[in-house]
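Everything below concerns the one structure shown next.
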Amino acid sequence: QQPSCHLSVNVLFWWLTADGVNIDELRCFTETMVKRVAVILSGCGVYDGTEIHEASAVLVHLSRAGAKVQMFAPNADQMHVVNHCEGKPTEEKRNILQESARIARGDVTDLVELNVSAFDAVIIPGGFGAAKNLCDWAVKSKNCAVQPDIEKLIKAFHKAGKPLGMCCISPVLAAKILPGCELTVGHDKECDKWPYAQTAGAVREMGCKHVNTDVDKAHVDAKNKLVTTCAFMCNAPVHQVFDGIGVMVSETLKLA
Numbered sequence: 076q077q078p079s080c081h082l083s084v085n086v087l088f089w090w091l092t093a094d095g096v097n098i099d100e101l102r103c104f105t106e107t108m109v110k111r112v113a114v115i116l117s118g119c120g121v122y123d124g125t126e127i128h129e130a131s132a133v134l135v136h137l138s139r140a141g142a143k144v145q146m147f148a149p150n151a152d153q154m155h156v157v158n159h160c161e162g163k164p165t166e167e168k169r170n171i172l173q174e175s176a177r178i179a180r181g182d183v184t185d186l187v188e189l190n191v192s193a194f195d196a197v198i199i200p201g202g203f204g205a206a207k208n209l210c211d212w213a214v215k216s217k218n219c220a221v222q223p224d225i226e227k228l229i230k231a232f233h234k235a236g237k238p239l240g241m242c243c244i245s246p247v248l249a250a251k252i253l254p255g256c257e258l259t260v261g262h263d264k265e266c267d268k269w270p271y272a273q274t275a276g277a278v279r280e281m282g283c284k285h286v287n288t289d290v291d292k293a294h295v296d297a298k299n300k301l302v303t304t305c306a307f308m309c310n311a312p313v314h315q316v317f318d319g320i321g322v323m324v325s326e327t328l329k330l331a
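Residues 76 to 331, numbered by my numbering, are exactly what the sequence shown covers, in order.
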């Protein structure tokens, strides 16, 4: 198993300082090795926000790689609120930023404050929040509109040549904004294992290339620096989803 970036930096710091290298210069050097990643949340909970297992997997893999993470979310109302016990909408209203703070342990920033130049990559976990709060795919499918701040940041990262990592349903954001891109949302033949396979067809109708990819793998569109994995678009054990997200995170960081 390869050592993490974080471990490598620590070992390098010890070795060079022991050999008389200037500590301030070394600190500046090692800080440039640490990847800075923005993670975009869309609420809290699979049916109306960020899928919690996916967000946690992203954060664990980024932590293991030694990345510096800041979480962001839109400061706006959710499309609706779903009772997760019954799977039915309720009459209450909830704020996307406030709900995302539950996952971020309070450390989440308004999306409008995201400065692309301060980050090396961006990752967007899935959950229906990506299809309801970051765009309206859940209602309009391929004819959806992307939330303006989300569209702006995806275009800005892409223009800057900085990688985008996405999982589950969030790759449809790239399909809408980056015409002709390659991505995966799993497989295109619907069955018990792939209950959302029709999404692949919709992506193709939008002019993008869909690549069938297993849950523990990720697809890399090197031209667009877009890395995607299907996560819970597949009816799979959580550890397989975790592994696939790990591949997505790793490949995203390689491009950063």
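Every residue gets a Cβ at the ideal spot worked out from N, C-alpha and C, and that includes glycine.
Residue i versus the options, residue with shortest Cα-Cα distance
i: residue 198; options: 244, 271, 239, 210; result: 239
i: residue 305; options: 290, 211, 299; result: 290
i: residue 244; options: 232, 204, 151; result: 204
i: residue 284; options: 145, 303, 178; result: 303
i: residue 241; options: 121, 118, 130, 119; result: 130
i: residue 312; options: 269, 114, 122, 227; result: 269
i: residue 237; options: 118, 328, 207, 117; result: 328
i: residue 185; options: 200, 138, 151; result: 151
i: residue 174; options: 213, 190, 298, 154; result: 154
i: residue 183; options: 117, 141, 226; result: 117
i: residue 321; options: 149, 287, 194, 200; result: 200
i: residue 193; options: 231, 179, 163, 221; result: 231
i: residue 189; options: 251, 217, 158, 228; result: 228
i: residue 297; options: 233, 262, 191, 310; result: 233
i: residue 282; options: 307, 191, 266, 253; result: 253
i: residue 202; options: 318, 314, 159, 137; result: 159
i: residue 264; options: 286, 251, 249; result: 286
Assigned secondary structure, residue i (DSSP; H/G/I helix, E/B strand, else coil)
i: residue 310; result: coil
i: residue 205; result: helix
i: residue 260; result: coil
i: residue 297; result: coil
i: residue 320; result: helix
i: residue 278; result: helix
i: residue 273; result: helix
i: residue 246; result: helix
i: residue 130; result: helix
Length of the line joining the Cα atoms of residue i and residue j
i: residue 259; j: residue 143; result: 26 Å
i: residue 110; j: residue 323; result: 15 Å
i: residue 120; j: residue 170; result: 13 Å
i: residue 293; j: residue 196; result: 16 Å
i: residue 81; j: residue 161; result: For residue 81, the pLDDT reaches just 49, beneath the cut-off of 50, and the residue's location in the model is therefore unreliable, although a value from the coordinates is still provided. So the two alpha carbons sit approximately 42 Å from each other.
i: residue 246; j: residue 146; result: 18 Å
i: residue 339; j: residue 208; result: Since the first and last residues shown for the chain are 76 and 331, residue 339 lies out of range.
i: residue 213; j: residue 330; result: 30 Å
i: residue 225; j: residue 172; result: 14 Å
i: residue 156; j: residue 163; result: 8 Å
i: residue 177; j: residue 278; result: 31 Å
i: residue 166; j: residue 123; result: 13 Å
i: residue 115; j: residue 275; result: 23 Å
i: residue 256; j: residue 187; result: 26 Å
i: residue 288; j: residue 273; result: 14 Å
**OP:** Let me know the beta strand (DSSP E) ranges lying completely inside the stretch 182–227, each 3 residues or longer, listed in chain order.
**Re:** Runs of the beta strand (DSSP E) inside the stretch 182–227: 183–185, 196–199.
Subject >> Complete runs of the alpha helix (DSSP H) confined to the stretch 149–184 [at least 4 residues] >> reply: You should have 171–178.
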